[in-house]
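Okay, structure first, notes after.
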Amino acid sequence: MDKRAIGVFDSGLGGLTAVKELRRIAPQENIVYFGDTARVPYGSRGPETILKYAWQDACFLMEQNIKYLIAACGTVSSHVDETFRAHLDVPFCDVIGPASLAAAKGTKTGRIGLIATAASIRSGAYDRALAAIDPSLQVLPKACPLFVPLVEQGLFQKDCEITRLTVEMYLAPLKQQKIDTLILGCTHYPLLAPLIDEFFEGQVLLIDSGRQAVDTAVGDIAALGLSGDGKGESTYFVSDDMDSFVRNAGLFLGAPVDGTVHEIDIEQFEGVKVWKKRS
Ligand code: DGL
Numbered sequence: 002m003d004k005r006a007i008g009v010f011d012s013g014l015g016g017l018t019a020v021k022e023l024r025r026i027a028p029q030e031n032i033v034y035f036g037d038t039a040r041v042p043y044g045s046r047g048p049e050t051i052l053k054y055a056w057q058d059a060c061f062l063m064e065q066n067i068k069y070l071i072a073a074c075g076t077v078s079s080h081v082d083e084t085f086r087a088h089l090d091v092p093f094c095d096v097i098g099p100a101s102l103a104a105a106k107g108t109k110t111g112r113i114g115l116i117a118t119a120a121s122i123r124s125g126a127y128d129r130a131l132a133a134i135d136p137s138l139q140v141l142p143k144a145c146p147l148f149v150p151l152v153e154q155g156l157f158q159k160d161c162e163i164t165r166l167t168v169e170m171y172l173a174p175l176k177q178q179k180i181d182t183l184i185l186g187c188t189h190y191p192l193l194a195p196l197i198d199e200f201f202e203g204q205v206l207l208i209d210s211g212r213q214a215v216d217t218a219v220g221d222i223a224a225l226g227l228s229g230d231g232k233g234e235s236t237y238f239v240s241d242d243m244d245s246f247v248r249n250a251g252l253f254l255g256a257p258v259d260g261t262v263h264e265i266d267i268e269q270f271e272g273v274k275v276w277k278k279r280s
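Residue numbers (this note's numbering): 2 to 280.
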């Protein structure tokens, strides 16, 4: 039994949807979460910046004595490369592989929609992952840059007209293209799942990428003999205002924040020096 925590990170609050799932399926595991709330969003930035931030976030969490690292961020996941993985001290999982596998398994027609941040779509990471599973799969991508700010503002209730119209605007082309499966490629998007499901009249299988990553991570942890029997404690680190994190995080966790919250200056972090040496 390994009481060390599982490290989970995201550009902001979206990764908390993965923490919610982790709490549900592995309540005995301790969790350390880092949300880069000072630098969110990552999805409108360039590849080098995203990789540099990801490396800093990972280095910070590795210093917290974690046993496993989850990138609960679609944007980070679609940019990490083999060099990034090779430099990590702990086993690692991102959202791309697990979500692609679930989509490939779930689709009947082979027409898979993908919604994510602009950077994730541009990276082509899902296209590559799905093609590696089955080259006959068709990926129909749509960047949805307004979804993250709407979710962060708490505007995701079913009766929220502005969000309903935004869902319609972004997803109408995918409906026309007759997808039968849709990857929610950004960890903020599960909060929009009820509105998205309503738009597709329950006819499209929705794949929650954070949830798939957590399922994979918990399987890996068991296979590696690293499962915990702890108290299921959570520690949260953010890079900006803690009070606003505590106010909003409950929406993503589906419950009030259940652990200690700390604010750190991620820019001070050793990661950048290591990153420069690495490149
Ligand atoms: N949660 C991030 C993701 O999964 C989206 C937010 C951002 O743009 O940083 O891609």
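Even glycine gets a Cβ: it sits at the ideal position worked out from N, Cα and C.
Residue 57 sits buried, since 16 or more C-beta atoms from the chains shown fall within 10 Å of its C-beta. The beta carbon of residue 255 sits closer than 8 Å to the beta carbons of 21 from its chain, once the five residues preceding and following it are set aside; these are given in chain order.
In the DSSP assignment, residue 142 forms a beta bridge with 115. One Cα belongs to residue 51, the other to residue 41, and the distance between them is close to 11 Å. Checking the 8 Å criterion, the Cβ of residue 11 is within range of a heavy atom belonging to the ligand DGL. Pairing residue 80 with residue 137 gives a Cβ-Cβ distance that is not under 9 Å.
Take the alpha-carbon of residue 6 and the one of residue 14: they are about 19 Å apart.
With at least 16 other beta carbons inside 10 angstroms of its own, residue 99 counts as buried. Using a 10 angstroms sphere on the CB of residue 84, the tally of other CB atoms stays under 16, which defines it as exposed. Here DSSP, grouped into helix, strand and coil, assigns residue 21 to helix.
In the structure shown, the three-state DSSP call for residue 167 is helix. Nearest in C-alpha terms to residue 170, of all of 197, 184 and 60, is 197. Taking 9 Å as the cut-off, the Cβ atoms of residue 114 and residue 213 do not count as close.
Here residue 235 carries a strand assignment [DSSP, helix/strand/coil]. Cβ-Cβ distances below 7 Å link residue 210 to 75, 96, 100, 184, 185, 186 and 188 in the same chain, with the five nearest sequence neighbours on each side left out; the list follows chain order. At least one heavy atom of the ligand DGL falls within 8 Å of the beta-carbon of residue 117. In the three-state scheme derived from DSSP, where H, G and I count as helix and E and B as strand, residue 67 is classed as strand.
Fully contained in the region 139–226 are the following alpha helix (DSSP H) runs of length 4 or more, in chain order: 148–153, 162–177, 194–200 and 210–224. A direct Cα-to-Cα measurement between residue 219 and residue 73 gives close to 13 Å. Around the beta carbon of residue 70, 16 or more other beta carbons lie within 10 angstroms, which makes this residue buried. Within 10 angstroms of the beta-carbon of residue 26 lie fewer than 16 other beta-carbons, which makes it exposed. When secondary structure is reduced to three states using DSSP, residue 270 falls in the coil class, being assigned neither helix nor strand. Note on geometry: alpha-carbon atoms of residue 240 and residue 35 lie some 8 Å from one another. Selection 248, 231, 202 and 252 evaluated against residue 30 yields 231 as nearest (Cα-Cα).
In this structure, the ligand DGL has a non-hydrogen atom nearer than 8 Å to the beta-carbon of residue 189.
For residue 247 and residue 166, the gap between their C-alpha atoms comes out near 29 Å. Going by C-alpha positions, residue 111 is about 14 Å away from residue 176. Per the coordinates, the alpha-carbon of residue 10 lies some 12 Å from the alpha-carbon of residue 65. Membership of residue 128 in the alpha helix (DSSP H) is indicated by the continuous run 126–134.
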